[in-house]
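Participant: Residues -7 to 411 (this note's numbering) make up the sequence shown, in order. Got a structure here, written out as structure tokens. Questions coming.
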Amino acid sequence: WTEAIALLTDLQKVAQPGTYDEFLLAYVKGQIYLAMDPPQTDKAIAPLEQALKVADQQGFFDEKDERKVLKYLAQIYYGEGSAKGVTPANQAEDFSKSTLYLKRLIDNERAAKALSTDDVVFYAYLLVQRAQANPDKPEPALLQEARKTIEEGLRLSITPRADLYRLLPNVMVAQNDYVGAAEVLELLLKKNPNNKDDWTQLSALYLTLGSDEKNVDEKDKEKTFEYNLRAIVTYERAQALGFLKTPKDNFQLVGIYANLGQIEHAAELLDAGLRSGAIESDKNKWMYLATWYQQLNKDQKAIDTLKEAAKHFPDTGEFEFMAANNEFSLEKFTDAYDLAKVAVAKGLGDKTWQAWSLMAYISFTELQKYDEALEAVNKALSYPESKKDPQLPNIKVAIEQAIKDRAAQIEALKAKQQQ
């Protein structure tokens, strides 16, 4: 090969420009570089481009060889642009040249009614890669060309290439055509329901369509409801096949039901998931569950949920404090006081004063335990945050007065007994 390249190089020095000699020497030289082991693809570019240039001027190439050279150059430039360590600028230049040669190849094939599906797939992938080089700012013209190419490729066969079908929804998403992308994924899943990635992408599309907060009129609200409903059905279809069953997926399904106002079913799913481990346990989820039970007027269930949550998170008194407030609303004052007491013992951060305030109020107004009430109100007032409640100082004054009145009554009773 080395000797052949040297011989061709010497001959090129005497070949006249624009002649068949110049064309043939460059063409053979480029092919030799490609035939080496390993192929010297970077060195093949210049002679192949020279051969193509002369052939274009003189018409030396037949259609078959021209297509072959165009494909070589497209592949070589794509390989150069995909090489490890290539700079973004050089990659953009290489991919741009690859695109030009591929487009010419496909136009050539199209004119000859010999369009190759492989070339269409290659061209579509390259266009998408270039269009999304900057994910934050995709290039609309390249995306549209990619979509046009993919749709043309799908019409080349009664049984279209699966990779074209898979590429199409990605292009549609980049074009913000979520409805079209969802329709394609539905077709793919109808043919092959065992593709986990398709279920994931389809559910995400329906969630995106269902979360459009710009929809204000009734028709748009109906569409929003419809897409959320489709998201639910998608999750349930996928879960029946064993997909979308991670704790995150299960909680996502709970959230969709809640967004649709189906609080009772959302609460049932969340309750079962938290207790079985199907949904990852954290403070907020237990809070959601208790709040939903309150909204459903299932106060005792809300309290039981908070008590259960407290077992999982023994380092905070938040759940006991919420339960105390619930017990208070049910007029279970002793239970409320005991729970608030546990809450302050565990600690509530900047809410601790609120628990002491609740204890003070219950002790004073409901249980008539004035000493405990005074201790609690003093504790509450010791926190700077207590200034948010201007009534606390007044409650303290009332408690102190009640203690004085009680002492006076005791003294009066003693005096009366002595008489």
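Where a beta carbon is used, it is the ideal one built from N, C-alpha and C, also for glycine.
Look at L245 and Y219 and say whether their C-beta atoms are less than 8 Å apart.
Facilitator: The answer is no: Cβ separation not under 8 Å.
Participant: Answer with buried or exposed for D110, where buried requires no fewer than 16 other C-beta atoms within 10 angstroms of its C-beta.
Facilitator: Exposed, because fewer than 16 other Cβ atoms sit within 10 Å of the Cβ of D110.
Participant: Exposed or buried, which one is V225 when buried takes at least 16 other CB atoms within 10 Å?
Facilitator: V225 is exposed by the Cβ-count criterion.
Participant: Thinking C-beta only, is Y285 closer than 8 Å to K277?
Facilitator: No, the Cβ-Cβ distance between K277 and Y285 is not below 8 Å.
Participant: Can you look up Y280 in the DSSP assignment and give me helix, strand or coil?
Facilitator: Three-state DSSP puts Y280 in a helix.
Participant: Between which two residues does the alpha helix (DSSP H) harbouring A106 extend?
Facilitator: Segment: none, A106 is in no alpha helix (DSSP H) and carries neither H nor E.
Participant: Can you list, in chain order, the residues of its chain with a C-beta nearer than 6 Å to that of F53? Leave out the 5 residues immediately preceding and following it.
Facilitator: The residues are A47.
Participant: Starting from Q410 and walking both ways along the alpha helix (DSSP H), at which residues does that stretch end?
Facilitator: Start and end: L384 to Q410.
Participant: Are the CB atoms of V176 and L148 nearer to each other than 8 Å?
Facilitator: The answer is no: Cβ separation not under 8 Å.
Participant: What's the C-alpha gap between F243 and D274?
Facilitator: Approximately 12 Å, taken between the alpha carbons.
Participant: May I ask you to verify whether the region 376 to 384 touches the region 335 to 350, counting CB pairs closer than 8 Å and requiring at least 3?
Facilitator: Segments in contact, yes.
Participant: Three or more beta-carbon pairs under 8 Å between the region 357 to 365 and the region 315 to 335, yes or no?
Facilitator: Yes: the two stretches touch, three or more of their Cβ pairs being nearer than 8 Å.
Participant: When burial is assigned at 16 or more other CB atoms within 10 Å of the CB, is S90 buried or exposed?
Facilitator: Buried: at least 16 other Cβ atoms inside 10 Å.
Participant: Nearest by alpha-carbon distance to L366: which of P385, E377 and P376 is it?
Facilitator: Among P385, E377 and P376, the Cα nearest to that of L366 is on P385.
Participant: Please confirm whether K21 and P39 have their CB atoms less than 8 Å apart.
Facilitator: Yes, the Cβ-Cβ distance between K21 and P39 is below 8 Å.
Participant: Express the C-alpha separation of T216 and N207 in angstroms, rounding to a whole number.
Facilitator: Confidence at N207 is low in this model, with a pLDDT of 47, below 50, so its placement is unreliable and the value that follows should be read with caution. Going from the Cα of N207 to the Cα of T216 covers about 8 Å.
Participant: What are the boundary residues of the alpha helix (DSSP H) that includes G73?
Facilitator: Its alpha helix (DSSP H) spans residues E55 to S74.
Participant: May I have the straight-line CA-CA distance separating D57 from P132, to the nearest angstrom?
Facilitator: If you take the alpha carbons of D57 and P132, they lie about 34 Å apart.
Participant: Would you identify the three-state DSSP class for Q167, choosing helix, strand or coil?
Facilitator: Coil at Q167, not helix or strand.
Participant: Could you check if Q409 is buried or exposed, using at least 16 other CB atoms within 10 Å of its CB as the buried criterion?
Facilitator: Label assigned to Q409: exposed.
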